[in-house]
Amino acid sequence: MLRLDTNKNKPDFSSTEIRDPLNRVHIDVSQQPKIRVRNLDFYYDENQTLKKINMDIYEKKVTAIIGPSGCGKSTFIRILNRMSDFAASSKVRGEISLERRDIFDPEFSPVELRKRVGMVFQKPNPFPKSIFENIAYGLRINGVKNSHEIEQRAVKSLKRAALYEEVKDRLKESALSLSGGQQQRLCIARCIAIEPEVILFDEPCASLDPISTAKIEELILELKKYYTIVIVTHNMQQALRVSDYTAFFLMGELIEFNETKKVFENPSDKRTEDYITGRFG
Amino acid sequence: MKMQAKSLRQYAAFLMVRAVFLFTSFILLLITGFLLLKGAKVLSFDFIFKMPENSMTAGGIFPAILGTFYLVVMSIIFSAIPGIACAIYLNEYGPKGWISTMIRTSINNLSGVPSIVFGLFGLAVFVKKLGFGVSILSGSLTLSIVILPVIISSTREALMAIPQSMREASMALGATKWETVWNIILPQATPSILTAIIIGIGRAAGETAPILFTAAVFYSKELPRSIFSEVMALPYHIYALVTEGTAPQSQIPIAYGASIVLLFLVIIISLSAIYIRQKHRSAYAKIGH
Amino acid sequence: MKGKGEKFREKLIEYILFALSLSAIIFLAGIVLTLLKEAAPAFRDTGFLNMIVSKDWYPTYEPPDFGMLPLIAGSFMVTAIALMVSVPLGLCSAVYISELAGKKEKILLKPFIELLSSIPSVVYGFWGIVFLAPAIQRHFDLSSGYCALTAGIVLGIMSSPIIASLSEDALNCVPRSFKEASFAMGADRLETLINVTIPAAASGIITSIILGTGRIIGETMVVLMLSGGAAIITLSPMEPVRPMTSAIAAEMGEAAFQTPHYHSLFAIAIILFIITFILNMAAEKLAGKYRLKLGSHR
Chain A
1 MLRLDTNKNK
11 PDFSSTEIRD
21 PLNRVHIDVS
31 QQPKIRVRNL
41 DFYYDENQTL
51 KKINMDIYEK
61 KVTAIIGPSG
71 CGKSTFIRIL
81 NRMSDFAASS
91 KVRGEISLER
101 RDIFDPEFSP
111 VELRKRVGMV
121 FQKPNPFPKS
131 IFENIAYGLR
141 INGVKNSHEI
151 EQRAVKSLKR
161 AALYEEVKDR
171 LKESALSLSG
181 GQQQRLCIAR
191 CIAIEPEVIL
201 FDEPCASLDP
211 ISTAKIEELI
221 LELKKYYTIV
231 IVTHNMQQAL
241 RVSDYTAFFL
251 MGELIEFNET
261 KKVFENPSDK
271 RTEDYITGRF
281 G
Chain B
282 MKMQAKSLRQ
292 YAAFLMVRAV
302 FLFTSFILLL
312 ITGFLLLKGA
322 KVLSFDFIFK
332 MPENSMTAGG
342 IFPAILGTFY
352 LVVMSIIFSA
362 IPGIACAIYL
372 NEYGPKGWIS
382 TMIRTSINNL
392 SGVPSIVFGL
402 FGLAVFVKKL
412 GFGVSILSGS
422 LTLSIVILPV
432 IISSTREALM
442 AIPQSMREAS
452 MALGATKWET
462 VWNIILPQAT
472 PSILTAIIIG
482 IGRAAGETAP
492 ILFTAAVFYS
502 KELPRSIFSE
512 VMALPYHIYA
522 LVTEGTAPQS
532 QIPIAYGASI
542 VLLFLVIIIS
552 LSAIYIRQKH
562 RSAYAKIGH
Chain C
571 MKGKGEKFRE
581 KLIEYILFAL
591 SLSAIIFLAG
601 IVLTLLKEAA
611 PAFRDTGFLN
621 MIVSKDWYPT
631 YEPPDFGMLP
641 LIAGSFMVTA
651 IALMVSVPLG
661 LCSAVYISEL
671 AGKKEKILLK
681 PFIELLSSIP
691 SVVYGFWGIV
701 FLAPAIQRHF
711 DLSSGYCALT
721 AGIVLGIMSS
731 PIIASLSEDA
741 LNCVPRSFKE
751 ASFAMGADRL
761 ETLINVTIPA
771 AASGIITSII
781 LGTGRIIGET
791 MVVLMLSGGA
801 AIITLSPMEP
811 VRPMTSAIAA
821 EMGEAAFQTP
831 HYHSLFAIAI
841 ILFIITFILN
851 MAAEKLAGKY
861 RLKLGSHR
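Those protein sequence lines, which keep their order, are chains A, B and C.
Per the numbering used here, the very first residue in the first sequence carries number 1; after that it's consecutive.
Per the numbering used here, the very first residue in the second sequence carries number 282; after that it's consecutive.
Per the numbering used here, the very first residue in the third sequence carries number 571; after that it's consecutive.
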């Protein structure tokens, strides 16, 4: 991924002004954001898939990203931990900071960033290793060598992911023997074992049945106590159930961003209203 | 009426295709069966484990089997590491630029170069220029170039079959590229890489032209002592027995026996490659990405 | 923590892998340069064109003649015969395996074909000597069974599994939706095969034939053992011929190092290399087109 640098120096966030006459994008200036996104453009080949995105992601809150397919919501969260780097011939312009630190800073390695900003994917993707090894792997590559500590942290994260009781007797079995919902919770456990600050969920329930979905949602509400959470979802009910803030994306633009309640009950943009009432998408 | 003519036509055409297919299989089975029948007569424990006697008109073919073994092992040693590294680079690192394209094109062309041309290259470079002489070293270096593209392309296929989601999962945990390759990609690809190496072994064992001027001799009094010794090799032995032999009545049966041994070797090698791949594939289906 | 050391290690590994992957380019370049260097004296003495069009190959006469035309003609003759055998056999087998065989049959047949294509050529050559050559000699009442026909037939049989396997891959690549669309319009299996499946797989099939041709031209042992070895230009398949590969294999053992004969054998290798290079590039181009046409169905 190439960065089109508009501002070679460290961005001065305080002065970044957001032009939003309709106040559709409501940024709470009283809060110090965990992640701050300013004037973010993203190009894939020659197509601009994200246009001038401005938003804040607040600490220990759940931010939902909604919008019809192809609106750029997945692209957006993949930039937040720079998984977008792997997309060939893509370009990014604008600023994103994690606790006031520019994530595109060459000194800030993507590897380090991803340790702090974890990700759970659309389809559960456990490694074809044992349940325990799935979690231990992340710890080992992040420098945890003591096997006792690895064990402790694995158990702790399994408990936190509400999976421990179901798998405690078969930690040595293959992760692939788990059900889809269990696999997804294992992926969450794997992610929180390395103690990230932010967890990105990319449509985590897209391939799950309703019961597993409910469990994951419950879990997200629980995890909010410890982590800042961003969740992409095409399920508006889910956004309403789990999130504190909601961002509505349409064709690469951020149409509306506000507290979830406000977005769903009293949207300030006609298009948001049309989408959440099911008129398109 | 029209329907009937149509289905008749289809029936006839498919019958013909089936007949040609059966004919093809029949011929190929005929060849192997013919050799098997003739060769089975001479096959014995002594035939495999004894030295040739009476200027190659009696005795066994042990030195040829051993020579082929040495050549194969050495050529795998030379080709496996660059082959696997090349596949990893192209599939996991390779920038999409011209250099990758050039590497890929070179591999494709290398795999199409006639084996006798490799033999000439080995003669000019390993035997003469580097002065290794006609030896196991020269022969196995030459063979390693022959099987390099085989190993690269089979390994690449194995790497490509690993779902992208595995790479993403690892990178999202903060793993570097190499950590991902080493801990996640390679363990999953191991059975397929093994298959790639086995296919290479099969190829190296059966090739004759590359070792004609680089390693093989018709007869050597003793077993090879070092990598600079010339060797007898199974495929070359068959060729030499039927074309250079002086006593066809007693040497042709030996050639049958040697053919059977070579055929068995290659078939067992190929079968094990196919077996590992099939088993691995069904294990893979479980991941279901 | 991940620091400078780690970054260094990552870069180092990438460079090592890159360096090792250059081996493919180095070997190919090495082969080209070696052939050119060793063949240069021959071309200098006789002239490139002169060498190719001249009709006499008498390398051991005094003075020797190094005309490659009979050798090239021999290669083409044998290859043409081999293709006449392997294309129909290979394609029919491919169609059978991919379109007609049952599911279980298919699972057995694919490895079977692969197994057959791994049989060493020297074994085929041996079979030709002990079985086919005597049979052809008897049947056509020839003075010798070693001729273009024998070598061609054995080569054809030998390469049919390769063509079958590659063509089968191409046929398999045709998306099921193409066939379903045809069935939905009331076409039967034969019509679907002829009008939809085969045309869709055409460039893949042609690629397999091109690659098969490259294999046949470059094959050494079978022609060395069966073609008879006479460097003459003939149109009769019953005559012995001396294809390029067999000339190299048979004569290099006797040609003294760095003599005109030695250099001319490298000159033949260059011609061989050029032919297979062109065939390979053509196959690669076609294969690229093929993938483009059917999209990313694999």
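Quick reminder that beta carbons are idealized off the backbone N, C-alpha and C, glycines included.
All values derive from a computational prediction rather than experimental measurement.
- Put simply, the backbone Cα of Glu107 of chain A is about 10 Å away from that of Lys574 of chain C.
- A straight-line Cα-Cα distance of about 11 Å links Leu163 of chain A and Ile131 of chain A.
- Taking C-beta atoms as the reference points, Ile65 of chain A and Phe76 of chain A count as a pair closer than 8 Å.
- In this structure the segment 631-649 of chain C lies against the segment 809-829 of chain C, because at least three pairs of beta carbons, one per stretch, are closer than 8 Å.
- Sequence-ordered contacts of the segment 448-477 of chain B with chain A read Glu449, Ala450, Met452, Ala453, Leu454, Gly455, Ala456, Thr457, Glu460, Asn464, Ile465 and Gln469 [C-beta pairs closer than 7 Å].
- Listed along the chain, the chain C residues whose CB falls inside 9 Å of the CB of Ile362 of chain B are Leu590.
- Restricted to the segment 91-126 of chain A, the beta strand (DSSP E) segments that are unbroken, complete and at least 3 residues in length are 117-120, listed in chain order.
- Within the model, the alpha-carbon separation for Ser109 of chain A versus Ala819 of chain C is close to 58 Å.
- Bounds of the alpha helix (DSSP H) holding Glu217 of chain A are Pro210 to Leu223.
- By the beta-carbon neighbour count (other beta carbons within 10 angstroms, threshold 16), Ile586 of chain C is exposed.
- Contact check between the segment 423-430 of chain B and the segment 391-402 of chain B: three or more CB pairs, one atom from each, fall below 8 Å, which counts as touching.
- Nearest CB-CB separation between Lys322 of chain B and chain C: not below the 8 Å threshold.
- Close to Ser446 of chain B, with beta-carbon spacing below 8 Å, are these residues of chain A in chain order: Phe121, Lys123 and Asn125.
- In this structure, the beta-carbon distance from Met355 of chain B to Ile417 of chain B falls below 8 Å.
- The beta-carbon separation of Lys60 of chain A and Tyr227 of chain A, rounded to 7 Å, stays under the 8 Å limit for a contact.
- The Cβ-Cβ distance between Ile845 of chain C and Ser387 of chain B does not fall below 8 Å.
- C-alpha of Val793 of chain C to C-alpha of Tyr716 of chain C: approximately 9 Å in a straight line.
- Relative to the Cα of Thr313 of chain B, the nearest Cα in the group B:Leu544, B:Lys502 and B:Ile549 belongs to B:Leu544.
- About 6 Å separates the beta carbon of Ile550 of chain B from that of Ile482 of chain B, a gap short enough to meet the 8 Å contact definition.
- With a cutoff of 8 Å on beta-carbon distance, Val29 of chain A and Ile53 of chain A are scored as not near each other.
- The beta-carbon of Lys560 of chain B is placed no less than 8 Å from the nearest beta-carbon of chain A.
- Asp41 of chain A: member of the beta strand (DSSP E) spanning Pro33 to Tyr44, first to last residue.
- Ranked by Cα distance from Lys51 of chain A, the options A:Asp274, A:Glu166 and A:Gly252 are led by A:Gly252.
- Taking every protein chain shown into account, the CB of Lys225 of chain A has fewer than 16 other CB atoms within 10 angstroms, so this residue is exposed.
- It is roughly 37 Å from the alpha-carbon of Leu186 of chain A to the alpha-carbon of Pro363 of chain B.
- At a C-beta separation below 8 Å, Gly823 of chain C has these neighbours in chain B: Leu493 and Phe494.
- Looking from the CA of Phe307 of chain B, the closest CA among C:Leu619, C:Leu659 and C:Thr630 belongs to C:Leu659.
- For Lys319 of chain B, there are no C-beta contacts with chain A under 7 Å, since the nearest C-beta of that chain is about 48 Å from it.
- At least one CB atom of chain A sits nearer than 8 Å to the CB of Lys377 of chain B.
- Secondary structure in the segment 742-786 of chain C: the alpha helix (DSSP H) runs of 4 residues or longer, each lying completely within the stretch, are 746-754 and 759-762 in chain order.
- Around the CB of Gln31 of chain A, fewer than 16 other CB atoms lie within 10 Å, so the residue is classed as exposed.
- Under the criterion of beta carbons closer than 8 Å, Leu139 of chain A and Ile194 of chain A qualify as touching, at roughly 6 Å.
- According to the DSSP secondary-structure assignment, Pro704 of chain C is paired through a beta bridge with no residue.
- Taking Leu805 of chain C as reference, the option from C:Glu761, C:Pro640, C:Pro634 and C:Asp615 with the minimal CA-CA separation is C:Pro640.
- Not a single C-beta of chain B is nearer than 8 Å to the C-beta of Gly181 of chain A.
- As the crow flies, the alpha-carbon of Ala247 of chain A is around 45 Å from that of Cys367 of chain B.
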